[in-house]
Structures are given as C-alpha cells and as structure tokens.
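*Asks:* Chains as they are written, first to last, in my numbering: chain A, 5 to 359; chain B, 95 to 423. Glycine residues also receive a C-beta, built at the ideal position from the N, C-alpha and C atoms. For clarity, every value in this text was computed on a predicted model and none was experimentally measured. The structure follows.
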Amino acid sequence: MIDGRTPHDRPLLRVENLKVYFQSNVTRARAVDGISFDVREKETVCIVGESGCGKTVSALSILGLIPTPPGEIVDGQILFFGQDLIKLDEKAMQNIRGNHIAMVFQEPLTSLNPVFTIGDQVTEAVRTHRHMEKEPLYRYCVQLLNDVGIPSPEQRINDYPHQLSGGQRQRVMIAMALACDPDLIIADEPTTALDVTVQAQILALLRSIQKKRSMSVLYISHDLGVVSTIANRVYVMYAGIIVEQGNTNQIFRSARHPYTQGLLASLPSLSKRGKRLYSIPGSVPNLSYKPKGCPFHPRCRYKILSCQKEYPGMCDYGEGHLARCPVLFKSKGYEGSSEIHENTMRCTSGNSHTK
Amino acid sequence: MESENNNVILRTEGLKKYFPIRRGFLQKVTGWVKAVDGVSFNIEQGKTLGLVGESGCGKTTVARLILKLLESDSGKIIFQRIDISRFSEKQMKPYRKEIQIIFQDPFGSLNPRMTIGQSIEEGIRILGNKYATNRKQRLETLLSMVGMSPDSADRYPHEFSGGQRQRIGIARALSVEPSLIVCDEPVSALDVSIQAQIINLLKDLQDHLGLSYLFISHDLNVVGYLCDFISVMYKGHIMELASSEDIFHHPHHPYTRSLLSAIPDPDLDKKWHVKYSNDYIGELDAVSKGCKYQDRCSMAETTCRKDEMAFENVGDNHFVRCWKVAKNI
C-alpha cells in the first residue's frame, strides 16, 4: 500500500514561515508560529498533532478563512502554483476557494445547510464557479454523488441532510469538494466524528478519488493510526511549530523527535498488554504563555539546560527526514525506543555517522 | 455462561430495554427501539470487561441499566449475588455507592459552581461516620490517588484541563469507595498523550484497590490494551464475547472481523484494508426477524433472515451469536 504511492516532486502548495497570532485584550496566542511545509502534486500530506497545536489554524489560513480580528497572519507566504495567497484580494481568493482548493470539514452536519436538499447544495458548489445548463448540471451532480459512493443518487439528491447517516453526509461533503475538480483538497479531521467501520470507508474513498483524479490532499488529523494508513508524508506539529517531518516510514518506524516517539509509545494496543503505557508527562502548553526555548522541554525526558534557552533548529536525518531536536541528534547513545535503527542516522553535512 | 462463580461481582441475565417510538398528534406508540435486547455477561472481581460497538448499538443504555439510572424491562442484574434489577429507590440506596460511573465528558458532570474539593467531599460525606473526623485528610488522599496536588481542592472545574477534569471525575467516583466502576468512554475526548495517562491511572487504581471495571468504548485499541474480556455489541445484542486475546487473534463473528479490519493501525507492517463496503445502518428496529447483522453480513443466508441466533459457546468461554460460525467449529 505504501509502496504503491507515487507522488510527484513538483510542489503545488508551499507554505513558508507562516505565523498566525490571535490577539486578545491582554495576551497574544501564537497559534501558528513559523511553520513551513509543502504539498506536492498527487501527494497526501498529513499534519498531525494534538488539539490546540495549530493544525486547523494552518489549514484555515491557506484558504484565507482566519477570522480577522482577532486572528492575524503576521508573517509568511502561502505559495499556490507560485502565487502568494496571502496577498490576494477577497475576489481573487474566492476564485481559489472551491475551484482550486476545496475543504472538507470535521462535522458534516454543521457544514451542510439543513433547509436545502443535498442536490441544491452540490449544484450550488458547481454553479459558483462554472456555468452549466440545468440538465447537464443535474446529470453532473448525480454523477458526483455516484462517484463518492452514495447509493441510488437520483433519489438521494432530493434528501435533506438530516435524512442521511453520518458517513453519507461526509460523502456529500466530499462530493461538494470535488465539484470543481480542485487541485488540492484540505480535509480537516473528516472522520473524527464517525465510527471505525465508516471511517475506514471514507478513508478508502478519499484514497481512490485521489488516485483517479490525481489530486493532492492535505489531511489534518490527531489520529496516528489514520495518518499511517493514508499519508505519503507527515508533519508533526506541537504548540504551533513543526517538530518533525518525513515520509510515513521515517515517522512511524524511526521517529527522531521525543514528542513523536512519546506519541507513538503512548498508543494503547493489545500487544502492549501487561506493560505500562508510556505517557508524556504534563499537558500541552497554553499558546499565550509558551515556554521559552523548545516548547516541548517541560515534558521532555531528554531535556538539557540549553533546551530552556535556545529555540531548537531542524536537524536533517537525510532523505527529507527532519526533526527539531538537536539533543537527540548530537547524542550518540540513543536510549529511545528499540525500533530506532541507529545506523540510519546521518548528520546534515553527511561526513559523520552517529552510532 | 457458568452459573456459579464466586468471583463474579456483577452478572446480567437477558437484560432488555425497549424504547417506544411515538408518532402523530396523540403520540401513539408505533414501534419499539430495541436498544438492549437480551444482554448477558459476567464481570469478575478485579477484572475489566470491555463493551465495544458503533454509536447507537446500546452500549450506554447497558451502563445506565446497570447503574439503575434506567429501569430495565426484563432480565436480571445480579450484583454480589443479589438481584437488584427490581429494587426500589430506597432498597437501592446502599448499592448506589458500590457501583459508580465515570463519564466521557467530565466537565458536563462536575458542578461548575462548586470547587472540586466540595464536589468530592459530597461523596465522602455519604459514607457517614467513616471519615467524620478526618474528611480533609481523606480528600487529600483521594486527590493524590488520582495524581492531583492537594491545593487543587479549592479551585473550580473550569480551571482544569480535560485530562485533569477526568482525574477529578475519577476521584469523585472513588470517594464513595465503590467496588465496580462503569467507565463510559472515559478517554475518547482526550488527546493521545493525555489518554495514556488516564489509562495508566485506571490500571493502577485497579491494581491497588481491586476495582472491577465495565469499560465502554468504541476504540478497539484501548479496549484491547485494558480489558480482560471483550463483548462486541451490535444493535442491542452481544455478538461475540471472549477474552481480549481471543477477540483479537481468533475473531469468529463477521461483525467482529469487520470491526477489527477497520482499525487503522500505526504498525506499518500490518496490512490495512477494508473488508466490506455497506455502510448503510438502518433504523434500530428495521430488522424484525433473524440475525440483526444480516443487512451488512457477507455470509448471510436465508436461515439468517428467519431464525433467532443463539449465543453459543464455541470453546474456552468464547461465545458467538452466529449459527454459521458455531457450526463450523
């Protein structure tokens, strides 16, 4: 499955040093604090992190949906086909939304209008950007609903959102996102509210659609299990920054950041029965009062004195695998979890092998 | 199930709860939602029974029936060898403190206008004379048991994070010294790193206090880690009941198999693929005859649509509600 993924190398979307702050009367929450990532063509990129780490805010800022005030994009660039989306005016942005970049939200019932049929809502999504006659439009919508696996779409098209099950509502949302054949779909926890069996179907659907239409998907999730099954590349976020990035293999087989390692170790499963689960002590910091230096240091088991002072740089482990932890990078004897293959650890300059 | 076992703290026998569907101006009863339709299981002293299933399968209704927050229509709830299913409110009183519950959303279950010290003290006071003289001390013990500092007693629920609130919820359940705790999705709303803390806490408390748990969850990974036995529920029926190892390594019922295949596993060596594609779940009472799983089952035959399925022992305390599976073993 993982080997079957063949993404292109051309970046479709490149986010550079994005900073989004939320200002209140007294404090300033640094929700996104200088993140850089890119999504290449035909690729599924996952941003994973716990609640409040800034993953949704990053997604919303790509589409220019940050409520301003209190939110503000303070710095950075969002380059889509080389064009900076932050500098675009509202009208140009509307041409991008839905047409080139579409979004699927977590809770389909709140994003669907309860007083219109799903047919109305899907046609609206098409008509916003395309001019179509009534008859072909109807046929196109039925086709869309059929593509996302809604049974007997000719009848369902006249249903209201409340008449559908959770999984089917999410399928309708995906149909609306697909309406204008976008280049990129941003999916913000689209399966969190669903049962496991339905979640599996929605993930399979997203994967097959992506393959068929050769789109890129930016998938936002807190669920490492989901991420491991669909991602080509993964960015791990913590307290507004990216702490580790790499392909799925690198992240799940040889995580290099203490936070990623901790997250993976703390997942319960049958095979860990009888053993005590590793748990990361403490809790996620308040974004307005982030600790100095490395934001993870109060919870980190590898911390040294300099972690409290210096903001950690990204360390390159080769082949696109980066982790923001110089301590682990420099340390020779790696006392992390046993899955870590020490011989694959390489320094940026490539001249020294750490054992 | 073996009828007499001294270690069994709670046993249910054929527990049923139907909710009426009322329609029209006169609110006539037009049908029944069979939320819990003949559920039987044992919970052994000091052990954990997991109850898994999709939303709407009746998990939470089972919890409420056991706690007697809902009156069951029929069936027995035998707690410490006494049938409490038909007890009056007054008769129930000494048993209320024996069975406690931890909710999914701890914020919703804590009074926002009481400090957490006051909330927990309410429970201690119910024990009467036992801690009459050293109530403050008991409060501090409880807080430290769940990993909170004693000075948090003077703070209000909104001052705490989700994980801490869940700890407070647990302290509150412990304040009356129960022997059985029903955990209704206690970690579902928590982040991964916090989830592990709460799971460890529940495990430690069980080891120290000899608690028994009924652990309700939709997350099979959590249930597999924490529970000794797992029962898989579907539309008010228990479809399969066995030890955790058996459920994961030798699942028999087609529903259990499809549930297991749907778990996205972060272990990259395991292949993940979905086994079935029918996501339509009809109304709870849509299937009137035969197996409740017939609509989604890939193995369904005419017999499945006619006959009631028996809950059969297929060896080693492994129970399955599927005649086809039972026949082939």
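Among Leu64/A, Leu67/A, Pro74/A, which one has its Cα closest to the Cα of Val30/A?
*Replies:* Minimum Cα distance to Val30/A is reached at Pro74/A.
*Asks:* If you drop the 5 nearest sequence neighbours on each side, which residues of the same chain put their C-beta closer than 6 Å to that of Tyr25/A?
*Replies:* Cβ within range, chain order: Arg32, Arg34, Glu76, Val78.
*Asks:* Helix, strand or coil for Glu76/A per DSSP?
*Replies:* The answer is strand: DSSP assigns Glu76/A an E or B state.
*Asks:* Since Leu411/B meets chain A, which of its residues come closer than 7 Å, beta carbon to beta carbon?
*Replies:* Residue 411/B is actually Asn in this sequence, not Leu. Simply none; closest approach about 18 Å.
*Asks:* Let's see if you can read the secondary structure: which residues bound the alpha helix (DSSP H) around Asp124/A?
*Replies:* It spans 122-131 - the alpha helix (DSSP H) in which Asp124/A sits, taken as one unbroken run.
*Asks:* I'd like the list of long-range same chain contacts for Ser269/B, defined as Cβ closer than 7 Å, with 5 residues on each side in sequence excluded.
*Replies:* Contacts found: Ile214, Gly217, Ile218, Leu236.
*Asks:* Any contact between the stretch 245-258 of chain A and the stretch 323-330 of chain A? By contact I mean 3 or more CB pairs, one from each, below 8 Å.
*Replies:* Contact holds: three or more Cβ-Cβ distances are below 8 Å.
*Asks:* Gly266/A versus chain B: which residues are under 7 Å apart at the beta carbon?
*Replies:* Going along chain B in sequence order, the residues near Gly266/A (Cβ under 7 Å) are Ser287.
*Asks:* With Val326/B and Tyr307/B assumed to form a contact (beta carbons below 8 Å), what rounded beta-carbon distance in angstroms separates them?
*Replies:* Actually they do not touch by this definition, with Cβ atoms about 17 Å apart.
*Asks:* From the DSSP output, in three-state form, read off Ala183/A for me.
*Replies:* Here Ala183/A sits in coil by DSSP.
*Asks:* For Tyr370/B, name the three-state secondary structure that DSSP assigns.
*Replies:* Any reading at Tyr370/B must be qualified, since the residue scores a pLDDT of 44, below 50, and its modelled position is unreliable; the value itself is stated next. Coil at Tyr370/B, not helix or strand.
*Asks:* Applying the criterion that 16 or more other CB atoms from any shown protein chain within 10 Å of the CB defines a buried residue, is His166/A buried or exposed?
*Replies:* Label assigned to His166/A: exposed.
*Asks:* Taking C-beta to C-beta, are Leu148/A and Leu182/A nearer than 8 Å?
*Replies:* Closer than 8 Å, so yes.
*Asks:* Using C-beta distances below 6 Å, list every residue in its chain close to Ile341/B, excluding the 5 sequence neighbours before and after it, in chain order.
*Replies:* Cβ within range, chain order: Ile324.
*Asks:* Would you tell me roughly how many angstroms separate the C-alpha atoms of Lys46/A and Ile206/A, rounded to the nearest one?
*Replies:* Cα to Cα, Lys46/A sits roughly 18 Å from Ile206/A.
*Asks:* Check whether the stretch 226-244 of chain B touches the stretch 172-180 of chain B, counting contact only when three or more Cβ pairs, one atom from each stretch, lie closer than 8 Å.
*Replies:* Not touching, per the Cβ criterion.
*Asks:* For chain A, check one thing: does any of its Cβ atoms lie closer than 8 Å to the Cβ of Ala129/B?
*Replies:* Ala129/B does not count as touching chain A.
*Asks:* Starting from the Cα of Ile90/A, find the closest Cα among Val49/A, Asp163/A, Lys23/A, Pro194/A and give me that residue.
*Replies:* When each option's Cα is compared against that of Ile90/A, the closest is Lys23/A.
*Asks:* Which whole-angstrom value describes the C-beta separation of Gly132/B and Gly108/B, a residue pair presumed to lie in contact below a C-beta threshold of 8 Å?
*Replies:* That belief holds up - the Cβ atoms of Gly132/B and Gly108/B are roughly 5 Å apart, short of 8 Å.
*Asks:* Using the rule of at least 16 other Cβ atoms within 10 Å of the residue's Cβ for burial, across every protein chain shown, is Ser287/A buried or exposed?
*Replies:* Ser287/A should be labelled buried.
*Asks:* If we count Cβ pairs, one from each stretch, closer than 8 Å, do we get three or more for the stretch 119-128 of chain A versus the stretch 149-161 of chain A?
*Replies:* Touching, yes, given that three or more Cβ pairs across the two stretches are closer than 8 Å.
*Asks:* On a CA-only basis, which of Pro358/B, His347/B, Cys277/B is nearest Lys418/B? Give me that one, please.
*Replies:* The candidate whose alpha carbon is nearest that of Lys418/B is His347/B.
*Asks:* What in chain A is Cβ-close to Leu320/B, meaning under 8 Å?
*Replies:* What Leu320/B touches in chain A: Pro272.
*Asks:* Report all residues from its chain with a CB closer than 6 Å to the CB of Leu222/A; omit the five preceding and five following residues, and keep chain order.
*Replies:* Val43, Val49, Ile190.
*Asks:* Would you mind working out which of Pro15/A, Tyr144/A, Asn21/A, His133/A sits nearest Phe85/A, comparing C-alpha positions?
*Replies:* It is Pro15/A whose Cα lies nearest to the Cα of Phe85/A.
*Asks:* What is the rounded straight-line gap between the Cα of Arg158/B and the Cα of Ile103/B?
*Replies:* Rounded to whole angstroms, Arg158/B to Ile103/B spans 17 Å at the Cα level.
*Asks:* At which residues does the beta strand (DSSP E) containing Asn315/B begin and terminate?
*Replies:* Element bounds for Asn315/B: not the beta strand (DSSP E) but the alpha helix (DSSP H), 314-320.
*Asks:* Assign Arg175/A to one of three DSSP states: helix, strand, or coil.
*Replies:* The answer is helix: DSSP assigns Arg175/A an H, G or I state.
*Asks:* Taking 7 Å as the limit between beta carbons, can you name the residues of its chain near Pro285/A, skipping five residues before and five after?
*Replies:* Answer for Pro285/A: Arg303, listed in chain order.
*Asks:* May I ask you to list, following chain order, the residues of the stretch 180-208 of chain A that have a beta carbon less than 8 Å from some beta carbon of chain B?
*Replies:* Cβ contacts with chain B: Asp199, Val200, Thr201, Val202, Gln203, Ala204, Gln205, Leu207, Ala208.
*Asks:* Counting only Cβ-Cβ distances shorter than 9 Å, please list the residues of the stretch 289-315 of chain A near chain B, keeping chain order.
*Replies:* If the cut-off is 9 Å between Cβ atoms, the stretch 289-315 of chain A has Arg303 near chain B.
*Asks:* May I ask you to report which of helix, strand or coil DSSP gives Phe256/A?
*Replies:* Here Phe256/A sits in helix by DSSP.
*Asks:* If we ignore side chains and look at the alpha-carbon of each, how far apart do Glu20/A and Leu267/A end up?
*Replies:* Glu20/A and Leu267/A: Cα-Cα distance of roughly 26 Å.
*Asks:* Short of 8 Å in beta carbon distance, which residues of its chain neighbour Asp88/A, apart from the five on each side in sequence? Order them along the chain.
*Replies:* Result list for Asp88/A: Gln81, Ile82, in chain order.
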